[in-house]
Structure formats: C-alpha cells, structure tokens
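Protein chains in written order, with my numbering: chain C, 7 to 335; chain D, 868 to 1059.
Cβ coordinates follow ideal geometry from the N, Cα and C atoms, glycine included.
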Amino acid sequence: MNKDLKDLLKVCYGDVEEFDESRVEQLQQRLEEDADFRQELADELYFNGLVQEVQTKTPRWLKIDKILESEEEGNRLESSVMNDITSYDRKSSLRRRFQLISTLAAGLCVGFMGTSAAYGKNIFVSLKQQTMSFFESFEQDIDYYDHGVPIEAKQWGGDTALVVQAENGVSPLHGKSMLKMISSTFEGELTAGNPSNSNVFYMLDLKKYHLDPSKTYICKGSANFTNASDQVTHYGIQILSLPVDAEMPHKQISAQWLMDQSLTFAQNRLPFKERGAWENIETETVLPAESRYLILLVYVLDAEKSVVGPSKFEKHYLDKVSIKISPVE
Amino acid sequence: MALSHSEVSKIVESILAGDKNQFRIIIHEYELMVRSYLATKLYKQDQVDDLAQETFITAYKKLSAFDTEKSIQSWLFGIAHNHLRNYFKTTKRRTNAMDNFREHIFSSIDEELVQASANVKDEQMASLLHCINKLPDKLSRIIETGLKGLRLDTLETELEMNRNAIYQARYRANELLRKCIQSSCSEEGGLS
C-alpha cells in the first residue's frame, strides 16, 4: 500500500490529527489528477465498509416493515402466533416436540444424509441466481425467544440457550461467540427410556425472498456442535417447510403441529465423537413450490435419558449454522 | 449490479401499480450496498442502520420520480448521500482542518464509490463471511475490529503492531479477501 493511500485512509477514519498544509495540498492534487488512485481509495473504503456490514447483524427495520406490510397479504402464521402466544401451553408443546423427535428417530420420516455460513444475521438473496443463503454465528446480542418455537420469522427460539464467548475450554468455531444449549426445560413427565432434547428453532418466511414458483429448490441446512462434557449425547438437524395455507393452531405452535403441517422435512442425527471437538452435521431436502415457511431445528439429545424430568446439558455449544436454498439445475 | 435495468423497471412498475411487497426485492438486493456505502462515512453502526432505513423509506416514497433508464444503485446512493448531508448538518460537530479535508476526500470520490460497489458482485458478497473465516488469526482480528475509532489503540497493544503496520495488514487482508471471494464461488469457500 502506498503512503498516499494509507494517509488518506487515516484521514477518512479520523485517525490523523494534523498534516502539514503542504502534505494536504499534495494529497488533494493527487486526488484531483489521478483517477485510478481515486478509484483505488474508493474501492478500499467501500470494501472496508462492506466487510464491516457483512459481519453485522441485519437490522430489523420496523418503520419500513410497517409501511410495506400494511397491504401485504398473508403473514398469517406470524400474526397468529403473536396473537396466540400469550396462551402458549409450554408443557404440552414440549411433550409434543419430544414426541416429534422420538417419531423421527423411529424412522417414520425420510432423512437425507448430507455431508455440506452471524446470530440473527445475514441473509443473502440473489435474484439472478435464484439462491438464498443464511448464515449465523451468534455474534450479536439476539432476541432469543426461549418459550418454544419462534414467534416470528428471522428469529431464533426454543429451549433455554444463551449466547456466550469462549468458556470451559471451548472457543467459538467462528467469530467471538457461540450458542450454549443449556437444557430441555421440560417440566412434565417423560416416558421411561425416552431421551430428551434441547431444541433451537429458526424460522424463515420464504415469501420475502421471492423464489421462482416454477422452479424446484433444494434446501440445505448445516450446523456445528461441540460437547465438552462427559455426557453421552447426540446432535441433530431438521428442516421442515410449511405451506401457505398452514392451519394455525388456536393456542400454540408445537412440534407435533409442525410435523403435521409440514410439506416436507429432512433430518440427520449423529453421536458426538470427540469431546470438545467441533463436529458438522448437514441435511437437505427438496422444497415444495407451495412452501411458505421454512423451519430449521437444531438440537442436542440426551442419549442416556431414562428418568422423568428435564435434561440439562453441560458444555454443549452450537455455532456456524447455515441454510442455502438453490434451484435444481 | 444486482438487478438489470429491465428487472428494476418491472419491479418499479409493480410497486407503483400497488404491489408494495415488491419493494422488498429492492431492499434485499441493495441493502448491503447501501449500508456499506454509509459505513464508509459513518463511525457508528446504529447511525448506519438508521440512515440506511431512511434511505429506503425515501426511495419508496419517491419511487415515482425514479428514472428506470438510470442506475437504481446510483439513485439510492444519491438518496443516502442526501441523508448523510442532512445528518451531518443536524449533528453539527466542531470541525477542524482534518474534518474539512475528510469531507473534501469523500466529495471527490462519490462516483468512484458507486463504481466500487458495482465491482463486488452479489454472489461474491455471499462468500465473504466464509473468506473472513479463513484468514490467519491476526488478519482476522484486524478485520473484526475495523479501522474506526479507539479500538485501534487496543489492537496495537494486543497485536504488538503499530498503526502503520495495522493499516498495511488490513490492506493485505482485503487483498486476500478479494481473491478469496473471486474464486470461492466455485469452491468449498462459497456459501454452500
């Protein structure tokens, strides 16, 4: 990097208190006369801005959302959930969610084994390529909804979890933070012998990404987990899609309801192999054209659970979660 | 450029015909560009976010005045630029020679900033996070911290590097990132 560029960058970042007048004149002259240099400076400044913004949580623009949503049809799921959430029956919901996992584990649903990149963060949509990519590494303070399935799109929610930095000898796989999965928060009865899960959900409203209804899309989900404890546990990932006309439950969103309403879903589950090591898991599925909502579920599961009561998870972490939706060529 | 003229024309036509929801396409395609443009001139993230939102609200309200034969990106940057100017007027700070010089620099490169944004393709943006993740630790730390504000003082101590070396390292990191995003779309480094 040449000195002129460096000095101008420093000025732009407020990192220079003073220059000699002659130096300022010299730099101004170069700016005026050297078009390539102006472009190089602009490229550098813009790229720095882009790198900053791409690492930043996508803002929730409530003002503009309000303007655009006033005539927007649909959003039945979100609004209905918002309306019904006050009467959310957590105990029953969690039991049903637990049953969902058990059902899936029993092999009633087809799983797609996959072998495939900040919290509430980046969603990239390319109309030209007709792809939508979501990446989460839990870098920012997030609105984590710890009462079950998230109440609106672009939100994380589920069982008790917390964004933490490096701890217990575990460093985040990406950036400075990761999600600590703490417990199943199950308060009811469990059938003896059944395992218990700590679930984390993310919901996307596909309508907002304008996918081409004439194309077939593949949805791939990927997540990374680590278990730094001695607990014998598994980790899993599921993708579900819900139709435009999903019939909303009157009182709650439960895992059972999700399963009943889902057009498609895929899952994968693996045992932790190495204590404290980050392990990747993936799954993928074809996304039916009539899909409106996409639900990603990532979870850890107590593989030795055989007594009544909630499962607590120690030193279990999640990081680098991604979803990619792309058309089948 | 994210959308072609004809795509933009079609979308604008739909919005003006009453399909407000189509404006989300404009937001999705240009939000990161607008935020990145604002971030070149603003220090605080909440300022960037607020002015970006105001930019899109103005764009939405004034959409009927947009000439679809022209670049929507330049138009959005123009709106963002006006919001910036108003913002600086209303938050009038004490200015010194360096502030004035800074303003002069930015006014000299406004067109080049538009070109700079066009130089980064949207599929490359999608790979950027992966590429950042691949950087060596020191460069990754510099990228995370950014070049703005007092955080650089901490970085000097933490990395045992002086200011000039940090700027040089940041420049090097950007070079690596550019190479990575250009190649990663067809490789493992892409968002896949």
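At a Cβ cut of 7 Å, what residues of the segment 227-248 of chain C count as close to chain D, listed as they run along the chain?
-> none
Following the continuous alpha helix (DSSP H) through D/Val879, name the residue where it begins and the one where it ends.
-> 872-883
Assuming C/Tyr52 contacts D/Ala926 under a Cβ cut-off of 8 Å, what Cβ separation, rounded to an integer in Å, is found between them?
-> Between D/Ala926 and C/Tyr52 the Cβ distance is about 20 Å, and since that is not below 8 Å, they are no contact.
Apart from the five residues on each side of it in sequence, which residues of its chain come closer than 7 Å, Cβ to Cβ, to C/His47?
-> Reading off the sequence, residue 47 of chain C comes out as Leu, not His. Excluding sequence neighbours, C/Leu47 sits near Leu11, Leu14.
In angstroms, rounded to a whole number, what distance separates the CA positions of C/Met265 and C/Leu246?
-> 8 Å
Could you check the C-alpha separation between D/Ile894 and C/Glu310 for me, to the nearest Å?
-> 48 Å
Since D/Gln914 contacts C/Ile70 with CB under 8 Å, what's their CB separation in whole angstroms?
-> With a Cβ gap of about 17 Å, D/Gln914 and C/Ile70 do not count as contacting.
Which of the three DSSP states, helix, strand or coil, is assigned to C/Gly242?
-> strand
Range of the contiguous alpha helix (DSSP H) that encloses C/Phe141 | Premise fails: C/Phe141 lies in the beta strand (DSSP E), 137-142, not in any alpha helix (DSSP H).
Stretch pair the segment 285-302 of chain C + the segment 217-225 of chain C: three plus CB contacts closer than 8 Å = yes
Taking C/Gly163 as part of the beta strand (DSSP E), name the residues at either end of that continuous run.
-> 161-164
Keeping to the same chain, check which residues put their C-beta closer than 6 Å to that of D/Leu870; ignore five residues upstream and five downstream.
-> Glu896
What does D/Met965 touch in chain C if you count any residue whose Cβ is under 8 Å from its own?
-> Val17, Gly20, Val22, Glu23, Glu24, Phe25
Measuring CB to CB, does C/Leu179 end up less than 8 Å from C/Gln244?
-> no
Measure from the alpha carbon of C/Ala167 to the alpha carbon of each residue in C/Trp263, C/Leu210, C/Ser190, C/Gly181, then state which is nearest.
-> C/Ser190
Reference C/Phe271; option with closest CA among C/Leu248, C/Leu37, C/Glu27 = C/Leu248
Do you know offhand how far D/Asn986's Cα is from D/Asp977's?
-> 15 Å
Quick one, which residues of the segment 1024-1038 of chain D are near chain E if we go by CB-CB under 9 Å, in chain order?
-> Given the protein chain composition of this structure (C and D), no chain E is represented.
Using a Cβ cut-off of 8 Å, pull out every chain D residue sitting near C/Gln267, in sequence order please.
-> The contacting residues do not exist; C/Gln267 stays about 23 Å from chain D at best.
Out of C/Ala234, C/Lys321, C/Ile188, C/Val155, state which residue places its alpha-carbon closest to the alpha-carbon of C/Arg281.
-> C/Ala234
Residues of its chain near D/Val901, where Cβ-Cβ distance is below 8 Å and the 5 sequence neighbours each way are ignored | Ala919, Thr922, Phe923, Leu943, Phe944, Ala947
Do you know how far the Cα of D/Leu1043 is from the Cα of C/Glu142?
-> 23 Å
Are the beta-carbon atoms of D/Ile1010 and D/Leu1019 separated by less than 8 Å?
-> no
Among C/Pro333, C/Glu38, C/Ala41, C/Asn54, the one whose alpha carbon lies nearest that of D/Tyr904 | C/Asn54
Closer than 8 Å by C-beta to D/Arg1030: which residues in its own chain qualify, once you throw out the five before and the five after it? Chain order, please.
-> Leu1019, Glu1023
Which parts of the segment 1010-1052 of chain D are runs of the alpha helix (DSSP H), unbroken and 4 residues or longer, counting only runs that do not cross its ends?
-> 1018-1026, 1030-1051
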